[in-house]
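Visitor: Before I ask anything, here is the structure I am working with.
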Amino acid sequence: MNRIGFIATSILVALALLSSMAFVVDQRQFGVVYALGQIKEVITEPGLNFKLPPPFQNVSYIDKRLLTLDSSDTEPMLTAEKQRVVIDWYVRWRITDPSEYIRNVGLDENAGAMQLNRVVRNAFQEEINKRTVKELLSLKREALMTDVKREVLESVRGAKPWGVDVVDVRITRVDYVEAITESVYRRMEAERKRVANELRSTGAAEGEKIRADADRQREIAIANAYRDAQKVKGEGDAEAARTYAEAFGRDPQFAKFYRSLEAYKASFNKKGDVMVLDPASSDFFKTLRGTGAGDAQSGHRK
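Numbering (this note's numbering), first residue to last: 860 to 1161.
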């Protein structure tokens, strides 16, 4: 019976010893085997691994996923105009070298996040000191975040690398004291009005230019049409004069008769015109008198 108990105890001890020696590394983690504060092995691939039982060797796990660090304080920062602003930001980062990270930061991820928070905030303060409030609210904010990321990377990759990589730095909110809020809005409104006035002036100038060009084209078209009309009229008058000349040359009596009729037409054009003439002594009605006499003689012959 004692022998069976001894065997059972031995099996349990062996299982416990084996259990303390085996460990599994998840694909989301790094496994770090260390002894007496010294790193013995860093396991980057997932799977089953073995080590010496405690206290000879121990294992710790470090997250290898992309981590997010959000700003944790609301202490204001000073701009180039000495205005106090409060910004909210976040950083996307990951641990890339567990050995360097443990050596310079430790096994606690929170400790690394706290140190990174301090470095990022100092970088923001340094860059915001160089910029105005307007720049923080404009598209130039992108350049600010790029410069902050560059400074943070210089710090974590310096003489004592942290074993981390900063993937992105972003500003989520910018707040400033009420005293400068109205001033900033006034400047922005004035800038928008200036741009709007410039656009309106440019549009008015373009409109005047288009109207002037249209008027010029209209005048040219009218002048060309008048010129063509006068040309056609002149040609018609010349042709009519030539025709009249030929007709009058063949029959002078008809020409005289036609001109007299034109004179009568011009003289009696209006109903209100009154003319006092002596038909017997005036040559003006000579054609009419001659026509009447001719008619009488023709009737007598009949």
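Virtual Cβ for every residue (Gly too), placed ideally from N, Cα, C. No experiment lies behind these values; they were computed from the predicted model shown.
Is it the case that the Cβ atoms of residue 992 and residue 1015 are separated by a distance below 8 Å?
Guide: By 1-based counting over the sequence shown, the position of residue 992 is 133. By 1-based counting over the sequence shown, the position of residue 1015 is 156. Cβ distance not < 8 Å, so residue 992 and residue 1015 don't count as in contact.
Visitor: Quick check on the burial criterion: 16 or more other C-beta atoms within 10 angstroms. Buried or exposed for residue 1035?
Guide: Indexing the sequence shown from 1 puts residue 1035 at position 176. By the 10 Å Cβ count, residue 1035 comes out buried.
Visitor: I think residue 890 touches residue 908, with their Cβ atoms under 8 Å apart; what is that distance to the nearest whole Å?
Guide: In the sequence shown, counting from the first residue as 1, residue 890 sits at position 31. In the sequence shown, counting from the first residue as 1, residue 908 sits at position 49. That belief holds up - the Cβ atoms of residue 890 and residue 908 are roughly 6 Å apart, short of 8 Å.
Visitor: Would residue 1085 be called buried (16 or more neighbouring beta carbons within 10 Å of its own) or exposed?
Guide: Your numbering for residue 1085 matches position 226 in the sequence shown. Exposed, since its Cβ has fewer than 16 Cβ neighbours within 10 Å.
Visitor: Could you have a look at residue 890 and say whether DSSP puts it in helix, strand or coil?
Guide: By one-based count along the sequence shown, residue 890 stands at place 31. In this structure, residue 890 counts as strand in the three-state DSSP scheme.
Visitor: Whole angstroms is fine: what's the gap from residue 885's alpha carbon to residue 1020's?
Guide: Here residue 885 refers to the residue found at position 26 when the sequence shown is read from its first residue. Here residue 1020 refers to the residue found at position 161 when the sequence shown is read from its first residue. Rounded to the nearest angstrom, the two C-alpha atoms are 25 Å apart.
Visitor: Among 906, 896 and 931, which one has its Cα closest to the Cα of residue 915?
Guide: Working through the sequence shown from its first residue, we reach residue 915 at position 56. Per the Cα distances, 896.
Visitor: Using a threshold of 8 Å, state whether the C-beta atoms of residue 983 and residue 944 are closer than that.
Guide: On the sequence shown, position 124 is the one that residue 983 refers to. On the sequence shown, position 85 is the one that residue 944 refers to. In this structure, residue 944 does not lie closer than 8 Å to residue 983 by Cβ.
Visitor: So the beta strand (DSSP E) residue 1031 belongs to, where does it begin and stop?
Guide: As a first step, residue 1031 must be located in the sequence shown, where it is residue number 172. Unbroken beta strand (DSSP E) run through residue 1031: 1023-1035.
Visitor: Going straight from the alpha carbon of residue 1045 to that of residue 942, what length do you get?
Guide: As a working mapping, residue 1045 is identified with position 186 in the sequence shown. As a working mapping, residue 942 is identified with position 83 in the sequence shown. Near 16 Å, if we compare the C-alpha coordinates of residue 942 and residue 1045.
Visitor: What are the start and end residues of the alpha helix (DSSP H) that includes residue 1005?
Guide: Counting from one through the sequence shown, the residue named residue 1005 turns up at place 146. Segment 1000-1015, the alpha helix (DSSP H) holding residue 1005.
Visitor: Between residue 933 and the rest of its own chain, which residues show a CB-CB distance below 7 Å, the 5 nearest in sequence each way excluded?
Guide: Taking the first residue of the sequence shown as position 1, residue 933 is located at position 74. Closer than 7 Å at the Cβ level, and outside the excluded window around residue 933, lie 945.
Visitor: Given a cut-off of 8 Å, decide if residue 927 and residue 1023 are closer than it, judged by their beta-carbon atoms.
Guide: Locating residue 1023 in the sequence shown gives position 164, counting from the first residue. Locating residue 927 in the sequence shown gives position 68, counting from the first residue. It is not a contact, given that the beta carbons lie outside the stated cut-off.
Visitor: Just to check my reading of the structure: residue 948 and residue 1026 have Cβ atoms closer than 8 Å, yes? What is that Cβ distance to the nearest angstrom?
Guide: Locating residue 948 in the sequence shown gives position 89, counting from the first residue. Locating residue 1026 in the sequence shown gives position 167, counting from the first residue. No, residue 948 and residue 1026 are not in contact; Cβ-Cβ is about 14 Å, not under 8 Å.
Visitor: Can you tell me the Cα-Cα spacing of residue 906 and residue 922, whole angstroms?
Guide: Looking up residue 906 in the sequence shown gives position 47. Looking up residue 922 in the sequence shown gives position 63. The alpha-carbon atoms of residue 906 and residue 922 are separated by roughly 15 Å.
Visitor: If we count the other Cβ atoms within 10 Å of its Cβ and call it buried at 16 or more, is residue 1031 buried or exposed?
Guide: Within the sequence shown, numbered from 1, the residue matching residue 1031 stands at position 172. Exposed, because fewer than 16 other Cβ atoms sit within 10 Å of the Cβ of residue 1031.
Visitor: For residue 876, which three-state DSSP category applies?
Guide: Taking the sequence shown and counting its residues from 1, the one referred to as residue 876 is at position 17. Residue 876: helix per DSSP, three-state reduction.
Visitor: Among the candidates 938, 1065 and 967, whose CA atom is the shortest distance from the CA of residue 985?
Guide: Stepping through the sequence shown from its first residue, residue 985 is reached at position 126. Ranking the options by Cα distance to residue 985, first place goes to 938.
Visitor: Can you round the beta-carbon distance between residue 925 and residue 951 to whole angstroms, since I take them to be within the 8 Å contact cut?
Guide: As a first step, residue 925 is located in the sequence shown; it is residue number 66 there, counting from the start. As a first step, residue 951 is located in the sequence shown; it is residue number 92 there, counting from the start. Right, their Cβ atoms sit about 6 Å apart.
Visitor: Can you tell me whether DSSP reads residue 990 as helix, strand or coil?
Guide: Position 131 of the sequence shown, counting from 1, holds the residue named residue 990. Residue 990 falls in the coil class under three-state DSSP.
Visitor: CA-CA distance, residue 1114 and residue 1091?
Guide: For the purposes of this step, residue 1114 is taken as residue 255 along the sequence shown, with counting starting at 1. For the purposes of this step, residue 1091 is taken as residue 232 along the sequence shown, with counting starting at 1. Rounded to whole angstroms, residue 1114 to residue 1091 spans 26 Å at the Cα level.
Visitor: Who are the near neighbours of residue 877 in its chain, counting only those whose CB is closer than 8 Å to its CB and skipping five residues on each side?
Guide: As a first step, residue 877 is located in the sequence shown; it is residue number 18 there, counting from the start. Excluding positions up to five away in sequence, the list is empty.
Visitor: Drop a sphere of 10 angstroms on the beta-carbon of residue 1003, count the other beta-carbons inside from all chains shown, and report buried for 16 or more, exposed for fewer.
Guide: Within the sequence shown, the letter at position 144 stands for residue 1003. Burial call: buried.
Visitor: State the DSSP-derived secondary structure class of residue 940, mapped to helix, strand or coil.
Guide: Numbered from 1 along the sequence shown, position 81 holds the residue referred to as residue 940. Residue 940: coil per DSSP, three-state reduction.
Visitor: Taking DSSP as the reference, what is the three-state secondary structure of residue 1087?
Guide: For this step, residue 1087 is matched to residue 228 along the sequence shown. Helix at residue 1087.
Visitor: Is it right to say residue 957 is buried, meaning 16 or more other beta carbons lie within 10 angstroms of its own, or is it exposed?
Guide: Stepping through the sequence shown from its first residue, residue 957 is reached at position 98. Buried, by the Cβ-count rule.
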